[in-house]
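Number of protein chains: 2
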Amino acid sequence: MSELRDDQWFTEVFDSHGSAFSLKISEKLLDVQSPYQHLEVYATETYGNLLVLDGCVMLTDRDNFLYHEMIAHPALFTHQDPKRVVIIGGGDCGTLKEVLRHPGVEHVTQIDIDEEVTKASERFFPALVASNQDPRAELLFADGVKWVDDAPDESIDLLIIDSTDPVGPAEGLFKTDFLKRCHRILKSGGVMVQQSESPLYHSGSIIRELRRDMQEAGFDSVATLPFPQPVYPSGWWSVTLAGKAIDVNAFREQAAASHDLPLEYYSVEAHRGALALPPFMRKAFAAK
Amino acid sequence: MSELRDDQWFTEVFDSHGSAFSLKISEKLLDVQSPYQHLEVYATETYGNLLVLDGCVMLTDRDNFLYHEMIAHPALFTHQDPKRVVIIGGGDCGTLKEVLRHPGVEHVTQIDIDEEVTKASERFFPALVASNQDPRAELLFADGVKWVDDAPDESIDLLIIDSTDPVGPAEGLFKTDFLKRCHRILKSGGVMVQQSESPLYHSGSIIRELRRDMQEAGFDSVATLPFPQPVYPSGWWSVTLAGKAIDVNAFREQAAASHDLPLEYYSVEAHRGALALPPFMRKAFAAK
């Protein structure tokens with residue numbers, strides 16, 4: 001049993017799951033209270049820089065490639081020809097960077113409520129903002145729910161909900177009502193994707209409910225894809241896709257196999273493997 | 001930043017990786033010093049019982065299915081007809097249980113140096129020892145390296161190295177010399193599989209070296225399969241297979257797709273997906 005001294009470790013306790021994850025820190029680089037949340041950035045000993053929002057680990061230099069690749073590429077390779085992409089949240093700009101790797105994408109609007117997150121990313125995570133000057137990128141700092149309300153019917157190909165957990169500022173992004181509004185602004189053949197928490201902790205709760213809510217909101221198909229994410233609760237995370245007049249359990253396999261994007265985790269085989277789902281998740285989703 | 005009080009949490013610090021994982025505990029159930037290692041068992045709040053050896057988390061009720069299924073079934077579905085199986089280590093008997101699910105297996109010998117581990121499993125992890133009375137199972141408490149030395153040439157179909165980390169009692173199990181001895185006792189078409197640490201932490205070190213050592217020891221093919229494992233360092237783990245006159249990058253897909261074993265994680269798609277390897281691992285293995 002080792003003691004983790006608070007001046008040497010950042011610890012996130014996952015109270016309801018009885019587990020905690022800690023990273024050894026060498027320096028606190030930022031501590032800001034924005035109108036929306038408490039931002040901290042630390043230099044860690046082995047994970048590069050660490051971004052923390054309201055006490056929750058958001059990302060590190062070392063392992064954010066997993067989350068950012070998996071929230072972007074499965075959805076992009078599922079849609080038949082994604083041109084207009086919208087990211088709700090995602091202020092660190094890592095998802096934006098992945099989306100812009102696809103040459104067919106013509107325009108990406110990122111709407112994060114908190115400009116301080118993007119400012120922190122510009123200062124401390126330069127790799128994530130590397131594509132922010134791309135002429136196809138539009139960065140807005142506004143309420144994503146309101147932005148969706150104001151968007152015209154059937155105007156978007158791909159909608160990415162890159163939010164924090166379904167508490168605090170992001171709570172509204174996990175409600176059926178919001179999902180209905182997302183469905184409205186997607187074109188036929190459109191896809192939405194949302195980060196959907198831990199396969200181990202949430203398969204029988206948040207993920208199952210999100211999948212049902214997506215179906216109730218009018219989506220024709222849903223697919224949950226698990227992937228490893230060391231710094232998130234349980235070290236295992238997921239995204240859930242929903243399709244409007246498209247089956248999100250299939251994807252453009254040939255394109256996913258033949259691209260020359262410099263990816264570290266995503267591959268056509270990883271996509272296929274994730275779609276298959278472990279039996280325990282299938283069981284949890286099928287339960288009443 | 002939260003304080004983890006030592007009387008309420010079990011924390012394992014991964015010093016060289018600057019990370020730590022903690023489980024909230026409700027009770028200490030066992031504290032024994034065997035001739036080989038320090039055994040502890042805790043009741044946790046959300047992970048069921050927890051087994052700790054020399055301060056390292058070995059398994060919990062809640063998530064051991066991931067490791068035990070992935071060290072057993074990929075290798076069993078790779079070998080063309082595994083009849084004689086040997087497990088080195090594995091004293092908790094969870095791997096043994098998975099192996100015995102395969103009706104074609106005729107005999108399994110488990111050789112763990114430390115009988116106290118099996119005793120602890122019998123008392124605190126009854127699900128893991130549920131198949132110990134199977135007439136095909138033979139439990140020995142002895143030095144696995146010596147057992148391998150004494151075994152006849154080409155007498156084994158499948159050899160499973162279900163060890164602790166490559167320090168302390170298990171150090172000798174990660175040496176080329178031991179791998180050569182394993183190769184000797186495997187029949188032609190034989191497979192060995194070894195737990196091989198974290199894809200994130202060890203792809204460019206322990207895993208790459210193990211793969212090279214296996215090839216130097218005479219194996220004709222190697223394959224590393226990553227899988228999630230929340231309670232191990234980084235929450236992501238791997239096994240590495242090696243084949244003697246067999247390609248371990250292929251497997252009996254039809255059998256793996258049509259079995260009726262009550263598995264929670266392993267599936268034919270999980271096996272295929274794991275074999276594909278994330279690009280960053282492929283790169284790490286290819287590096288000089």
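As they're listed, the protein sequences go chains W and U. In terms of the UniProt record's numbering, the numbers along the first sequence are unbroken and rise by one, the last being 288. In terms of the UniProt record's numbering, the numbers along the second sequence are unbroken and rise by one, the last being 288. Cβ coordinates follow ideal geometry from the N, Cα and C atoms, glycine included.
Which of the three DSSP states is assigned to His38(W) in this structure?
Looking up residue 38(W) in the first sequence gives position 38. Strand.
Checking contacts by CB at 8 Å: is Asp247(W) closer than that to chain U?
As a first step, residue 247(W) must be located in the first sequence, where it is residue number 247. So, not an interface residue.
Using a Cβ cut-off of 8 Å (strictly closer), state whether Ala274(U) contacts chain C.
Absence of chain C from the displayed structure is noted, the protein chains being W and U.
Taking the beta strand (DSSP E) that Ala137(U) falls in, what are its first and last residues?
Here the question's residue 137(U) lines up with position 137 in the second sequence. Where Ala137(U) is concerned, the enclosing beta strand (DSSP E) stretches over 137 to 141.
Under a Cβ-count criterion, where at least 16 other Cβ atoms within 10 Å of its own Cβ denotes burial, should Ala270(W) be classed as buried or exposed?
Position 270 of the first sequence, counted from the first residue, corresponds to residue 270(W). Buried, by the Cβ-count rule.
Which one or two residues does DSSP pair with Glu12(U) in a beta bridge?
Locating residue 12(U) in the second sequence gives position 12, where the first residue counts as 1. Glu12(U) is bridged to Phe21(U).
Can you tell me which of the three DSSP states Ile246(U) falls into?
Within the second sequence, residue 246(U) is the residue found at index 246, counting from 1. Note: Ile246(U) maps to coil in three-state DSSP.
Min CB distance Gln33(U) to chain W below 8 Å
Here residue 33(U) is taken as the residue at index 33 of the second sequence, counted from 1. Closer than 8 Å: no.
Please look up how many angstroms separate the CB atoms of Phe251(W) and Thr78(W), rounded, as I've assumed it's under 8 Å.
Residue mapping note: residue 251(W) aligns to position 251 of the first sequence, counting from 1. Residue mapping note: residue 78(W) aligns to position 78 of the first sequence, counting from 1. 4 Å between Cβ atoms; contact.
If contacts are defined as beta-carbon pairs under 8 Å, then Gly18(W) and Tyr47(U) qualify, I think. What distance do you get, rounded to the angstrom?
The residue given as residue 18(W) occupies position 18 in the first sequence. The residue given as residue 47(U) occupies position 47 in the second sequence. 7 Å between Cβ atoms; contact.
Measuring straight from C-alpha to C-alpha, what distance separates Met1(W) and Gly55(U)?
Translated into positions along the first sequence, residue 1(W) becomes position 1. Translated into positions along the second sequence, residue 55(U) becomes position 55. Low confidence applies here, because Met1(W) scores a pLDDT of 38, under 50, leaving its location unreliable and the question unanswered by this model.
How far does the alpha helix (DSSP H) with His183(W) in it reach, from first residue to last?
Indexing the first sequence from 1 puts residue 183(W) at position 183. Here the alpha helix (DSSP H) through His183(W) covers 176 to 185.
Just how far apart, CA to CA, sit Leu128(W) and Ile207(W)?
Here residue 128(W) refers to the residue found at position 128 when the first sequence is read from its first residue. Here residue 207(W) refers to the residue found at position 207 when the first sequence is read from its first residue. Approximately 27 Å, taken between the alpha carbons.
Under the three-state DSSP convention, the category Arg84(W) falls into
Start at 1 with the first residue of the first sequence, and residue 84(W) comes out as number 84. Correct three-state label for Arg84(W): strand.
Between the segment 12 to 42 of chain U and chain W, which residues of the former have a C-beta closer than 7 Å to a C-beta of the latter?
Among the residues of the segment 12 to 42 of chain U, those with a Cβ less than 7 Å away from any Cβ of chain W are Val13, His17, Gly18, Ser19, Ala20, Phe21, Ser22, Leu23, Lys24, in the order of the chain.
Out of Glu116(W), Pro233(W), Met192(W), state which residue places its alpha-carbon closest to the alpha-carbon of His38(W).
As a first step, residue 38(W) must be located in the first sequence, where it is residue number 38. Residue Glu116(W) is the option with its Cα nearest to His38(W).
Do you know whose CA, among Thr224(W), Leu186(W), Asp213(W), Leu179(W), lies nearest Ser196(W)'s CA?
Walking along the first sequence from the start, residue 196(W) turns up at place 196. Checked all of Thr224(W), Leu186(W), Asp213(W), Leu179(W); the closest Cα to Ser196(W) is Thr224(W).
Inter-residue Cα distance where the pair is Val145(W) and Cys182(W)
One-based indexing of the first sequence puts residue 145(W) at position 145. One-based indexing of the first sequence puts residue 182(W) at position 182. Near 9 Å, if we compare the C-alpha coordinates of Cys182(W) and Val145(W).
So, is the C-beta of Ala75(U) closer than 8 Å to a C-beta in chain W?
Against the second sequence, residue 75(U) aligns to sequence position 75. Not an interface residue.
Confirm, please, whether the CB-CB distance from Leu76(W) to Ala137(W) is below 8 Å.
One-based indexing of the first sequence puts residue 137(W) at position 137. One-based indexing of the first sequence puts residue 76(W) at position 76. No, Cβ-Cβ distance for Ala137(W) and Leu76(W) is not below 8 Å.
Compute the Euclidean distance between the alpha carbons of Arg211(U) and Thr60(U), then round it to the nearest angstrom.
Taking the second sequence and counting its residues from 1, the one referred to as residue 211(U) is at position 211. Taking the second sequence and counting its residues from 1, the one referred to as residue 60(U) is at position 60. It is roughly 28 Å from the alpha-carbon of Arg211(U) to the alpha-carbon of Thr60(U).
So the candidates are Leu30(W), Glu45(W), Val41(W); which of them puts its Cα closest to the Cα of Gln8(W)?
One-based indexing of the first sequence puts residue 8(W) at position 8. The shortest C-alpha separation from Gln8(W) is found at Glu45(W).
Any C-beta of chain U sitting closer than 8 Å to the C-beta of Leu59(W)?
Your numbering for residue 59(W) matches position 59 in the first sequence. Residue-level contact by beta carbon fails for Leu59(W) and chain U, as no gap is shorter than 8 Å.
Quick check on Pro35(W): buried or exposed, where buried means 16 or more other Cβ atoms within 10 Å of its Cβ?
Position 35 of the first sequence holds residue 35(W). Exposed, by the Cβ-count rule.
To the nearest angstrom, how far is the alpha carbon of Glu40(W) from that of Asp92(W)?
Stepping through the first sequence from its first residue, residue 40(W) is reached at position 40. Stepping through the first sequence from its first residue, residue 92(W) is reached at position 92. Their backbone Cα atoms lie some 13 Å apart in a straight line.
Quick one, which of Thr109(U), Asn132(U), His107(U) has its alpha-carbon nearest Lys119(U)'s?
Against the second sequence, residue 119(U) aligns to sequence position 119. Nearest C-alpha to Lys119(U): Asn132(U).
Answer yes if the segment 238 to 255 of chain U comes into contact with the segment 226 to 245 of chain W, meaning at least three C-beta pairs across the two stretches below 8 Å, and no otherwise.
Cβ pair count under 8 Å is below three, so no.
Rounding to the nearest angstrom, what Cα-Cα distance links Asp213(U) and Val57(U) in this structure?
The residue labelled residue 213(U) in the question sits at position 213 within the second sequence. The residue labelled residue 57(U) in the question sits at position 57 within the second sequence. Rounded to the nearest angstrom, the two C-alpha atoms are 27 Å apart.
Residues of chain W with CB closer than 7 Å to the CB of Trp236(U), please, in chain order.
Translated into the one-based positions of the second sequence, residue 236(U) becomes position 236. Those within 7 Å of Trp236(U) in chain W are Pro228, Pro230, Gly235.
Option nearest Thr176(U) by Cα separation, candidates Gly189(U), Lys187(U), Gln194(U), Gly190(U):
Residue mapping note: residue 176(U) aligns to position 176 of the second sequence, counting from 1. Among Gly189(U), Lys187(U), Gln194(U), Gly190(U), the Cα nearest to that of Thr176(U) is on Gln194(U).
Could you please give the first and the last residue of the uninterrupted beta strand (DSSP E) stretch that includes Pro226(W)?
As a first step, residue 226(W) is located in the first sequence; it is residue number 226 there, counting from the start. Element bounds for Pro226(W): 221 to 228.
Do you know how far the Cα of Pro230(W) is from the Cα of Met281(W)?
Counted from its first residue, the first sequence places residue 281(W) at position 281. Counted from its first residue, the first sequence places residue 230(W) at position 230. Approximately 19 Å between the Cα atoms of the pair.
Of the residues Asp134(U), Gly89(U), Phe125(U), the one placed nearest Leu29(U), counting alpha carbons only:
Taking the second sequence and counting its residues from 1, the one referred to as residue 29(U) is at position 29. Measuring from the Cα of Leu29(U), the nearest candidate turns out to be Phe125(U).
The segment 254 to 265 of chain W touching the segment 20 to 28 of chain U, judged by at least three CB pairs closer than 8 Å
The count of Cβ pairs closer than 8 Å, one atom from the segment 254 to 265 of chain W and one from the segment 20 to 28 of chain U, stays below three, leaving the stretches out of contact.
Among residues of its own chain, excluding the 5 on either side of Leu200(W), which ones have a beta-carbon nearer than 6 Å to its beta-carbon?
As a working mapping, residue 200(W) is identified with position 200 in the first sequence. By the criterion of a C-beta distance shorter than 6 Å, Leu200(W) is surrounded in its chain by Ser234, Trp236, once the five residues flanking it on both sides are discounted.
Given a cut-off of 8 Å on the beta-carbon distance, is the pair Val52(U) and Phe10(U) in contact?
Residue 52(U) sits at position 52 when you count from the first residue of the second sequence. Residue 10(U) sits at position 10 when you count from the first residue of the second sequence. Cβ atoms of Val52(U) and Phe10(U): closer than 8 Å.
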